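J.: First the structure, which I've put down as structure tokens, then a few questions once you've had a look.
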């Protein structure tokens, strides 16, 4: 049935009912490797041609995150219902010595059936281990309570959404349905991690702190494809600084912000979207005698951080976030946690998003 | 929100630990091995991970007549060899641009005045906060001079012109060689820096598995109810080294011995983490209050008879390690041929608290043992032999929980299982968790964590004054017995490459127990 979809590299084709038996055979035949798993990691896409690419991503991710990976691709356009499965193990030498392996099951589901995704997921988990679900692309009607109620962690990438307002609202519903138990994460938020860390470090400096109440301009430059990452970063700055969104700028390229400081002028927030820029290219906070800047040149793996005051600048550099979703996912999985900061900034973020139209 | 002078809103909730603050790090003994192999690679790896605060300056203070450039070149050479994450030229250049060398004798007051001027210039250049972290990594005989000269140069005090600035000191081991010398050193340190600004480093506490002991105990409800005399038969702490006195270390070691070099600090720290009561909170003093109670509760072996009964000291004879013939301890370079220093020690420790009454903690440390391994094993009591005592072979030994500190950090649990077959036979099986297998990402080196903590003002993983002194009090009594009336207590001998002297086995055998086979 998958004649038109590449399945090369997915491993051994198996009957769905024989998956456990085939894994047992695999491990019995190999005394030299260790099967390790810290979580169930599910990757779901409704673009079947991504199955092989996702398997390649798991190959990389399992270097740092041992897991049972379950890849599911749904071919909703298929006229007949059907299911195909493959198993394989991704093995890596740990510290140059022992071979550590993670199991992977790949499913290609044909046809449109509501409960099948849920059943496929829950029938092939390692018991007791956390369940992390990477939903790729827009939410569909298959994202339903019966599914997300049993997840521990849901990871999305809002940069791939054509209707982010609907996507974030759906995410909020899911959190509400689970009484906040479901931890939600967005790779667009992960993408700004080192920007946030850099800004926090720069504002440890007394020079930056002294000029904080005099900030006049706040500029963000980003690639248009990473609008979500830029808005999330801005929402974080606004939330932490205690600023408020006042009104859109007349040219619609930003906002007036209220600092909360009595008598202080409004802060001008400006966005610049550049096709040839790094995903997040620059964040600049400007007071009359002090500029704090974090920036990244396209293609560079480091962030430049600077505080400029009274004619001279102090420059530093630090690591930058990964560009590819796989790298961002590896960072996200390494951090874990309840992601409460992400939840905290969402109200401001939604205002920015909805205000931007 | 307005002024943010009190705290930086962007740092709140960003990472689940205190953020390290920008500072000038002054390393005394900057041309030494520790600086090149551990401290600078640790700072470099913090930069790689984005953990190093922007604006950290590093000043190497040492006697040799080196230039900034030569110092940086030497550091880079070693960093390429030993850095955990490899060597990235771009990151290194960023770090190296903030590294300078300061030449001075440790006793030269004028050198410290120049240092103060340099630090002031750096602060002016940075435009504000003058935080300073002094790392004393020199030979211990210079500790006093360095501390006293820092004080004279006004580098240790709070500065009225610099609100919120701090000056902290990290002191490397050995922290004294006896209770008296440790007390003296504490007087000097605390005459220079306040206790809250004093960080006595014990790199074992920076190791991932040592930190995991508290998590294992207090974040897993299944262990803590059993963590007491009702369920635990005994505890073993082993630190085995296969190296001997290579690289001329015999000179230092022959003056110290295993008890002072390892037991007084590292192994008693591990013991206190295993035996402590749950702290009321995870603040530095909350944790250290509980640890010091354990050390204070150690039953004192203060007579030659008690020492002979509970402590075994030994030396290795010539033998074979890793397939190579090796000399005996007394034939090692820079070791006195008549030396009575122990290269091996095994102790029975009793923690006289309600929780641990009657539960022995056996501690052993030795050089030239068959392999390198540090671990803690918790031996649970056996089940009552009412159900399985009629089965062939009876019931195997009780459960053993092993916390491996190094290498191959992890935790394993031995439990009994039925052998497949028609008869009821039991064998122990092992459930094993390995950091390296489960987490592909390598753990930070102990020095990375500890340097970061010192910059963040978190002293939880550093020894407090009373901990150090209580540990010396315990150790000193054993030494006095060996040196005084107990001089006749023989030194047990064993061939290099074996698991220690027969007498150490007998120490446990007379309690009906045996050392765990590693």
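Residue numbers (the numbering used here), protein chains in the order written: chain A, 1 to 357; chain B, 1 to 518.
Idealized CB from N, CA, C, for every residue including glycine.
Only a predicted model underlies this, so the values are computations on that prediction, with no experimental measurement involved.
1) Closer than 7 Å by beta-carbon distance: list the chain B residues that pair up with residue 358(A), in chain order.
2) Please check if any C-beta of chain A sits within less than 9 Å of the C-beta of residue 49(B).
3) Measure the C-alpha to C-alpha separation of residue 252(B) and residue 359(B) and round it to an integer number of angstroms.
4) Identify whether residue 382(B) lies in helix, strand or coil by the three-state DSSP scheme.
5) Start and end of the beta strand (DSSP E) containing residue 186(A)?
6) Quick check: the region 219-235 of chain A against the region 266-273 of chain A, are there 3 or more CB pairs under 8 Å?
7) Excluding sequence positions up to five away, which residues of its chain have a Cβ less than 6 Å from the Cβ of residue 401(B)?
8) Need the endpoints of the beta strand (DSSP E) that residue 291(A) sits in, please.
9) Under a CB-based cut-off of 9 Å, is residue 74(B) close to chain A?
10) Label residue 8(A) either buried or exposed according to how many other C-beta atoms from any shown protein chain fall within 10 Å of its C-beta, with 16 as the threshold for buried.
11) Can you tell me the Cβ-Cβ gap for residue 74(A) and residue 46(A), rounded? I've got them flagged as a contact below 8 Å.
12) Return the chain-ordered list of same chain residues with a C-beta closer than 8 Å to the C-beta of residue 51(B), the five sequence neighbours on each side being excluded.
13) If we cut at 9 Å on Cβ distances, does residue 41(B) have a partner in chain A?
14) Can you tell me where the alpha helix (DSSP H) holding residue 505(B) begins and where it ends?
15) Under the rule that 16 or more other beta-carbon atoms within 10 Å means buried, what is residue 474(B), buried or exposed?
16) So for residue 425(B), helix, strand or coil by DSSP?
17) Tell me, please, which residues DSSP counts as bridged to residue 40(B).
18) Suppose the cutoff is 7 Å on Cβ atoms and the five residues either side in sequence are ignored; what does the same chain contact list for residue 95(B) look like?
19) Is residue 236(B) buried or exposed, if buried means 16 or more other CB atoms sit within 10 Å of its CB?
20) Can you list, in chain order, the residues of its chain with a C-beta nearer than 6 Å to that of residue 463(B)? Leave out the 5 residues immediately preceding and following it.
21) Along the region 276-305 of chain A, what residues have a CB closer than 7 Å to any CB found in chain B?
22) Which of helix, strand or coil does DSSP assign to residue 221(A)?
23) With 9 Å as the threshold, decide whether the Cβ of residue 326(A) is near any Cβ in chain B.
24) On the criterion of 16 or more Cβ atoms from any shown chain inside 10 Å, does residue 70(B) qualify as buried, or is it exposed?
25) Contact check, residue 117(A) vs residue 142(A) under 8 Å by CB: the rounded distance?
26) Out of 243(A), 159(A), 53(A), 320(A), which one is the CA nearest neighbour of residue 6(A)?
27) Could you name the residues of the same chain whose beta carbon sits closer than 6 Å to that of residue 147(A), not counting the 5 residues immediately before and after it, in chain order?
28) Where residue 11(B) and residue 315(A) are concerned, what is the direct C-alpha to C-alpha distance, given to the nearest angstrom?
29) In the DSSP assignment, what residue or residues form a beta bridge with residue 345(B)?
30) Taking the alpha carbon of residue 153(A) as the point to measure from, which residue in 232(A), 104(A), 338(A), 207(A) has its own alpha carbon closest?
31) Beta-carbon within less than 7 Å of residue 350(A)'s beta-carbon, same chain only, minus the 5 sequence neighbours each way: which residues are those?
32) With DSSP collapsed to three states, give me the class of residue 521(B).
33) Can you look up residue 227(B) in the DSSP assignment and give me helix, strand or coil?
34) Three-state secondary structure (DSSP) at residue 512(B)?
35) Where in the region 79-111 of chain B do unbroken runs of the beta strand (DSSP E), each at least 3 residues long, occur, reported from the N-terminal end onward?
36) When the Cα atoms are used, what is the spatial distance from residue 293(A) to residue 164(B)?
T.: Quick answer:
1) One cannot answer for residue 358(A) here, as it falls past the ends of chain A, which runs 1 to 357.
2) Cβ-Cβ to chain A under 9 Å: yes for residue 49(B).
3) Cα to Cα, the separation comes out at about 34 Å.
4) DSSP, read as helix, strand or coil, puts residue 382(B) in coil.
5) Its beta strand (DSSP E) spans residues 183-186.
6) These segments touch.
7) Only 378, 413 meet the Cβ criterion.
8) Annotation for residue 291(A): the continuous beta strand (DSSP E) segment containing it runs 290-295.
9) Residue 74(B) is outside the set of residues whose beta carbon lies under 9 Å from a beta carbon in chain A.
10) Per the 10 Å Cβ criterion, exposed.
11) Rounded, the Cβ-Cβ distance is 5 Å, consistent with contact.
12) Annotation for residue 51(B): 20, 448, 452 place their beta carbon closer than 8 Å to its own, counting only its chain and skipping 5 residues before and after.
13) Contact with chain A is absent for residue 41(B), since none of that chain's Cβ atoms lies less than 9 Å from the residue's Cβ.
14) Unbroken alpha helix (DSSP H) run through residue 505(B): 502-509.
15) Under this definition residue 474(B) is a buried residue.
16) Looking at residue 425(B) - three-state DSSP - the assignment turns out to be coil, as it is neither helix nor strand.
17) Partner(s): none; residue 40(B) has no beta bridge.
18) The residues are 43, 44, 47.
19) When all chains shown are included, residue 236(B) counts as buried.
20) Result list for residue 463(B): 200, 202, in chain order.
21) If the cut-off is 7 Å between Cβ atoms, the region 276-305 of chain A has 302, 305 near chain B.
22) Here residue 221(A) sits in strand by DSSP.
23) Output row for residue 326(A): interface = no.
24) Answer is exposed; the Cβ neighbour count stays below 16.
25) Cβ atoms of residue 117(A) and residue 142(A) come within 8 Å of each other, at about 5 Å.
26) It is 53(A) whose Cα lies nearest to the Cα of residue 6(A).
27) Counting only Cβ-Cβ distances below 6 Å, and skipping sequence neighbours, we find 118.
28) One C-alpha to the other measures close to 20 Å.
29) Residue 345(B) pairs with 313(B), 365(B).
30) Ranked by Cα distance from residue 153(A), the first of 232(A), 104(A), 338(A), 207(A) is 338(A).
31) Excluding sequence neighbours, residue 350(A) sits near 168.
32) Past the boundaries of the shown model lies residue 521(B); chain B is included only from 1 to 518, so the question cannot be answered.
33) Here residue 227(B) sits in coil by DSSP.
34) The answer is coil: DSSP assigns residue 512(B) none of H, G, I, E or B.
35) Counting only runs of 3 or more, we get 99-103.
36) Between residue 293(A) and residue 164(B), the C-alpha separation is close to 25 Å.
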